[in-house]
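Position 8 of the sequence shown, counted from 1, bears residue number 26 in the working numbering, the numbering being contiguous throughout. Just so you know, even glycine gets a beta-carbon here, dropped at the ideal spot from N, CA and C. Everything on this sheet refers to the single structure shown next.
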Amino acid sequence: MASHFSKGDKVTWTWGAHKAHGQVAERFERRVQRTIQGEKIVRNGSRAAPAYLVTQEDGGQALKSQSELHPSRSE
Numbered sequence: 019m020a021s022h023f024s025k026g027d028k029v030t031w032t033w034g035a036h037k038a039h040g041q042v043a044e045r046f047e048r049r050v051q052r053t054i055q056g057e058k059i060v061r062n063g064s065r066a067a068p069a070y071l072v073t074q075e076d077g078g079q080a081l082k083s084q085s086e087l088h089p090s091r092s093e
């Protein structure tokens, strides 16, 4: 099982052919819904596989599942 992320952790995920970067703002161990840029996004978080609200480097937000995220490696 992958380790869970905590508020403030820096993470990356694949977005198309690119990598996106951000910081965990909130963790959810239940179903969560957010409207981001006019689009309703739903993730089914659980204790074993939480969902995360991530603040992106450009100030935007993303709602991601545990399986979509990877730890950000410092350069």
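Rounded to whole angstroms, the separation of the alpha carbons of L87 and F46 is 14 Å.
In the structure shown, the three-state DSSP call for Q55 is coil. If the five residues before and after I59 are omitted, its C-beta is found closer than 6 Å to the C-beta atoms of R52 and L81, all from its own chain and listed in chain order.
Distance from the CA of E57 to the CA of L71, rounded to the nearest whole angstrom, comes to 15 Å. Secondary structure note for F46: its beta strand (DSSP E) is the uninterrupted segment H36 to F46. Non-local C-beta neighbours of T73 in its own chain, meaning closer than 7 Å and more than five positions away in sequence, comprise G40, Q41, A43 and Q79, ordered along the chain.
The straight-line gap separating the alpha-carbon atoms of P68 and V50 is approximately 10 Å.
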